[in-house]
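Numbering (the numbering used here), first residue to last: 152 to 335.
Yeah, the Cβ is synthetic: ideal placement off N, Cα and C, and Gly gets one too.
Below is one structure, written out as structure tokens; comments come after it.
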Amino acid sequence: MPEFVSPDTDPMDELRRWLTEATAEGVSNPAAMVLATVSPDGSPSARALMAGTRDQDSITFFTHYASPKGRDLAANPDAEGVFLWTPLERQVRVRGTITKTSVEVSDAYWASRPKNTQLAIHVGEQSSMVSDHDALVDTKAEIEARIGDDDVPRPDTYGGYRLTPRSYEFWQGRPSDRLHLRAI
């Protein structure tokens with residue numbers, strides 16, 4: 152079994168260690184995090200997204216500000232993220248407050264993305280119903296033709312968020328005796 156949490160280690164460093172171990176073990180999408188938010192009417196909402204630990208003290212992710220998660224976070228910035236690595240019998244819960252990243256951070260991330268991804272982000276409104284997939288493909292092709300070899304501009308409606316943790320919970324399953332390890 153992999154080493155459990157060291158009590159002397161900063162929790163964000165421990166999360167990075169677990170992410171590194173999940174990657175080394177070949178876990179599919181180790182940076183996938185389920186983000187739970189609460190809508191303005193009090194309804195819970197959860198979705199998976201790709202997260203990063205680029206900053207020393209926070210977890211970052213990038214999305215459309217007008218998406219359901221963006222609207223939820225505008226109304227209530229408290230949220231929880233969950234990383235689950237089933238093959239390793241591990242989970243980390245991170246609860247905290249979410250704020251937007253700076254324009255510079257959003258621009259730098261945008262510039263690091265492949266052009267094909269940037270074009271796809273321009274095509275539609277996230278989480279909206281798509282009745283005609285071919286229309287999406289055509290719209291993407293039109294945008295690509297219009298932009299040509301130029302850089303794809305980052306939409307003002309797309310950027311980063313930063314989850315600043317207030318609490319962590321590290322969980323290590325023990326299938327042999329069901330006496331799971333938990334560090335809070």
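For the alpha helix (DSSP H) that residue i lies in, which residues bound it at each end?
i    : result
D197 : The identity of residue 197 in the sequence shown is Ala, whereas the question assumes Asp. Segment 195 to 201 is the beta strand (DSSP E) holding A197; no alpha helix (DSSP H) there.
T268 : 266 to 274
E176 : First-last for E176: undefined, no H or E at that position.
D258 : 254 to 263
V288 : 284 to 298
R222 : 219 to 226
Residue i by DSSP, collapsed to three states: which one?
i    : result
M152 : With a pLDDT of only 42 at M152, under the threshold of 50, the placement of this residue in the model should not be trusted; the figure read from the coordinates follows. M152: coil per DSSP, three-state reduction.
G324 : coil
G232 : strand
Q207 : coil
Y312 : strand
R329 : coil
T214 : strand
R317 : strand
D164 : helix
With distances taken from CA atoms, which of the options is nearest residue i?
i    : options                : result
T268 : A182, V288, T252       : V288
A183 : Y216, S194, E176, R198 : R198
R222 : T188, R205, V233       : T188
A202 : L166, T237, S196       : L166
G177 : R297, T214, L239       : L239
A173 : S327, Q323, A334       : Q323
W169 : P304, V233, A217       : V233
L200 : P228, D206, F213, L224 : F213
R297 : W236, T315, S194, H273 : H273
A175 : W261, E295, W236, G299 : W236
D301 : Y216, A262, R313       : A262
A271 : S257, P306, D192       : P306
A246 : S253, R313, Y260       : Looking at the sequence shown, residue 246 is not Ala but Arg. Answer by Cα proximity: R313.
D258 : P304, I335, Y216       : P304
R317 : I335, S327, Y309       : I335
For my contact list, residue i and residue j are in at a C-beta cut-off of 8 Å; report their separation, rounded to the angstrom.
i    : j    : result
P162 : Y319 : 4 Å
I249 : A230 : 5 Å
T171 : G311 : Not really, about 22 Å apart at Cβ, beyond 8 Å.
S209 : T290 : Not a contact, Cβ separation roughly 34 Å.
T308 : A217 : 6 Å
Name the two residues that bound the continuous beta strand (DSSP E) containing residue i.
i    : result
L186 : 183 to 189
I249 : 241 to 251
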